[in-house]
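For the sequence shown, our numbering assigns the number 18 to the initial residue and increments by one for each residue that follows.
We put the beta carbon where it would ideally sit given N, CA and C, even for glycine.
Just so we're clear, the structure is a prediction, and the values are computed from it rather than from any experiment.
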Amino acid sequence: MRNCVTSPKFTPSVIHLKLSTMNRVASGVEIKEGTNDKFPKASRMRELIWDNELMYVAHIHTAQTRMGHDKCRATQRFPNAGQNLGWKGTVCSIPIIEMLNESLHEMYMEKNMVPDPVAMAAEYNTAVKNAKVGHFTAMVNDRTSRLGCAISIGANCKAPSVDKTYPWCYYLACNYDGTNLLNSFIYKTDPQQSASQCSDWGVGKSLAYEHLCGNTGEIFDPKK
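This is the structure we're talking about:
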């Protein structure tokens with residue numbers, strides 16, 4: 018088993034991929050494929066900060082080289098920590114960045130299974146939960162301000178859902194400082210202007226991602 022939590026390209030790649038997708042959703046241009054249903058503009062979705070504690074907990078999980086959410090990812094700072102998991106089995110070695118890109122893309126494409134984009138933003142209810150779009154909703158939750166991810170590589174591993182063994186197995190975990198709250202909003206919206214409520218976090222708009230808010234690193238109430 019090999020751990021890949023300290024690759025010099027890994028952290029900036031995760032951050033850029035996450036923020037690029039968040040920025041697209043926040044802009045109000047993203048649609049549910051096969052429909053004209055747009056995801057509404059986000060009024061206070063923030064940039065994400067890499068957090069080494071979240072990364073460490075994610076690493077402990079991936080090092081077990083098995084799929085399935087853990088039950089002990091909460092920390093003193095982040096009692097409501099959330100988690101996204103990815104897995105890929107291959108017959109030969111692949112670049113870590115390739116696995117990362119594929120996993121995050123698959124999570125993002127859950128947007129096309131969202132029953133109603135506008136209703137989803139307003140409330141993470143039973144209908145949204147049952148649609149199995151939890152990876153996507155975790156990615157665009159505006160309460161999230163930090164993440165930490167890790168990848169571990171195993172050998173001769175069984176696939177999580179089928180009776181098949183792969184010579185190479187890649188396990189990804191991304192832990193967030195927050196998670197989806199049932200019967201509460203995923204992100205707040207503004208029909209006119211994205212990033213219009215950044216003052217909720219005591220910041221202005223992001224300088225790098227025009228539809229996101231900045232992030233000072235201040236930790237807020239996870240239910241704010």
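Point to revise | Where the beta strand (DSSP E) containing K105 begins and where it ends | key: First-last of the beta strand (DSSP E) with K105: 99-107.
Practice item. Count the other C-beta atoms from every protein chain shown that fall within 10 angstroms of the C-beta of E50, then say buried if there are 16 or more, exposed otherwise. Key: Flag for E50 reads exposed.
Exercise for review: Could you tell me whether the Cβ atoms of R163 and I66 are closer together than 8 Å?
Suggested key: Taking 8 Å as the cut-off, the beta carbon of R163 is found closer than this to the beta carbon of I66.
**Study point:** G231 versus A144 - alpha carbon distance
**Key:** Those two C-alpha atoms are separated by around 31 Å.
Review point. CA-CA distance, K240 and V108?
Key: CA-to-CA, the gap between K240 and V108 works out to about 44 Å.
Review point. Under the rule that 16 or more other beta-carbon atoms within 10 Å means buried, what is N40, buried or exposed?
Key: By the 10 Å Cβ count, N40 comes out buried.
Review point. When the Cα of A80 is compared with those of L189, L224, L229, Y204, which residue comes out closest?
Key: Nearest of L189, L224, L229, Y204 to A80, Cα basis: L189.
**Study point:** Given Y193 as reference, the closest of V42, E47, S30, R94 once Cα atoms are compared
**Key:** Ranking V42, E47, S30, R94 by CA distance to the CA of Y193 puts R94 first.
Point to revise | Those runs of the beta strand (DSSP E) which lie wholly inside the segment 47-134 and span at least 3 residues | key: Secondary structure within the segment 47-134: the beta strand (DSSP E) runs of 3 or more consecutive residues, fully enclosed, are 99-107 (chain order).
Review point. Taking one C-beta from the segment 173-181 and one from the segment 140-156 each time, how about it: are there three or more such pairs within less than 8 Å?
Key: Short answer: they don't touch.
Point to revise | Classification of A75 by the beta-carbon crowding that lies within 10 angstroms, buried from 16 upward | key: Buried: at least 16 other Cβ atoms inside 10 Å.
Exercise for review: Please report how far the alpha carbon of S120 lies from the alpha carbon of K222, in whole angstroms.
Suggested key: Using only the alpha carbons, I get a separation of about 28 Å.
Check your understanding: In terms of alpha-carbon separation, which member of A167, G234, M137, N97 lies closest to F202?
Key -> Considering only alpha carbons, the answer is M137.
Check your understanding: For F56, which residues of its own chain have a beta-carbon under 6 Å away from its beta-carbon, when the five flanking residues on both sides are left out?
Key -> Cβ-Cβ distances below 6 Å link F56 to V42, E47, P134 in the same chain, with the five nearest sequence neighbours on each side left out; the list follows chain order.
Exercise for review: Tell me, to the nearest whole angstrom, how far the beta carbon of M124 is from that of L229; I am working on the premise that it is less than 8 Å.
Suggested key: Going by Cβ atoms, the distance from M124 to L229 rounds to 18 Å, so no, they are not a contact pair.
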